[in-house]
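K.L.:
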Amino acid sequence: MSIAESPGFRYNVHYAETFVFVERTEAVLEKKSPELIPNEHENYYLVREDILPEALLKTVQAKELLARGEVKTIFDAVEQVGLSRSAFYKYKEGIFSLSKLDRERIVTISMDLQHRSGILSRVLAMIAGLEGNVLTIHQTIPLQGVANVVISVETSRMDDSVAALLERLREQDGVSRAALVAQG
1 MSIAESPGFR YNVHYAETFV FVERTEAVLE KKSPELIPNE HENYYLVRED
51 ILPEALLKTV QAKELLARGE VKTIFDAVEQ VGLSRSAFYK YKEGIFSLSK
101 LDRERIVTIS MDLQHRSGIL SRVLAMIAGL EGNVLTIHQT IPLQGVANVV
151 ISVETSRMDD SVAALLERLR EQDGVSRAAL VAQG
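Written out as structure tokens, the structure reads:
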């Protein structure tokens, strides 16, 4: 067995001491490393922002700078928020803003609309104006001047959050109630 084949050998490169673990390197090269294999049992948690470690928060800030186009490179983004590039690469695929996740969903909204001409049409036009894609519409027969409408909307292209969409719906003339029924 040569020194390069031993489980952990070291050598100096430009005065920097480096440890190489041949077995791990080969596993990564063969893409058999446990980190590269999707885990079917991954757990996800919803965590309040004020208890997250600073590195995770700065990773989100750097990703947002890049997404908004305020910086052109990852180097500029991490420099602006005060984060190392290695920390950014470590966490970038593991943390997402909940509002971003909400935008990549289909939501089902239940509304009570007054039985007047054009109200549903104005609601649909408002959703389309926000870049929402209406997938389904179910309207009941109006009883006592009110009809219930349940719509499913794809929100992936919308700039506004689901909460903002609901608020805008509630502000529409003729909308008595608007509530989120499902999200997925």
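For what it's worth, the UniProt record's numbering labels the leading residue of the sequence shown as 1, then goes sequentially. Positions of the beta carbon are idealized from the N, C-alpha and C atoms, including for glycine. Quick caveat: nothing in here was measured; it's all calculated off a predicted structure.
Taking C-beta to C-beta, are Ala179 and Ser84 nearer than 8 Å?
P.N.:
The answer is no: Cβ separation not under 8 Å.
K.L.:
In three-state DSSP terms, what is Leu46?
P.N.:
In the structure shown, Leu46 sits in coil (DSSP, three-state: anything other than H, G, I, E or B).
K.L.:
Grouping DSSP H, G and I as helix and E and B as strand, with all else coil, what is Ile151?
P.N.:
Of the three classes helix, strand and coil, the one that applies to Ile151 here is strand, per DSSP.
K.L.:
Hey, which unbroken runs of the alpha helix (DSSP H) at 4 residues or more fall wholly within the region 88–138?
P.N.:
Listed in chain order, the complete alpha helix (DSSP H) runs (minimum 4 residues) inside the region 88–138 are 98–102 and 119–129.
K.L.:
Counting C-beta neighbours from all protein chains within 10 Å, is the total for Glu35 16 or more, i.e. buried, or is it exposed?
P.N.:
With a pLDDT of 47 at Glu35, under the threshold of 50, the modelled position of that residue is not reliable, and the figure given next carries that caveat. Flag for Glu35 reads exposed.
K.L.:
To the nearest angstrom, how far is the alpha carbon of Ile72 from that of Leu66?
P.N.:
Correcting the residue identity first, residue 72 is Lys in this sequence and not Ile. If I take the Cα positions, the gap works out to 7 Å.
K.L.:
Under the rule that 16 or more other beta-carbon atoms within 10 Å means buried, what is Ala77, buried or exposed?
P.N.:
Buried.
K.L.:
Taking the alpha helix (DSSP H) that Arg68 belongs to, which residues open and close that run?
P.N.:
Arg68 -> alpha helix (DSSP H) spans Glu54 to Arg68.
K.L.:
If you compare alpha carbons, which of Leu166, Glu171 and Arg116 is closest to Val146?
P.N.:
The candidate whose alpha carbon is nearest that of Val146 is Arg116.
K.L.:
Taking the CB atoms as reference points, tell me whether Val162 and Asn133 lie closer together than 8 Å.
P.N.:
Contact: no.
K.L.:
In angstroms, rounded to a whole number, what distance separates the CA positions of Glu167 and Tyr45?
P.N.:
Computed Cα separation, rounded: 27 Å.
K.L.:
Where Ile95 and Glu70 are concerned, what is the direct C-alpha to C-alpha distance, given to the nearest angstrom?
P.N.:
When rounded, the distance between both Cα atoms is 20 Å.
K.L.:
Compute the Euclidean distance between the alpha carbons of Val22 and Ser86, then round it to the nearest angstrom.
P.N.:
Annotation note: pLDDT 49 at Val22 (below 50); position unreliable, coordinate value reported separately. Between Val22 and Ser86, the C-alpha separation is close to 22 Å.
K.L.:
Based on DSSP bridge pairs, tell me the residues matched to Leu143.
P.N.:
In DSSP, Leu143 forms a bridge with Val146.
K.L.:
His138 to Val149, Cα distance in whole Å?
P.N.:
Taking the straight line joining both Cα atoms gives about 6 Å.
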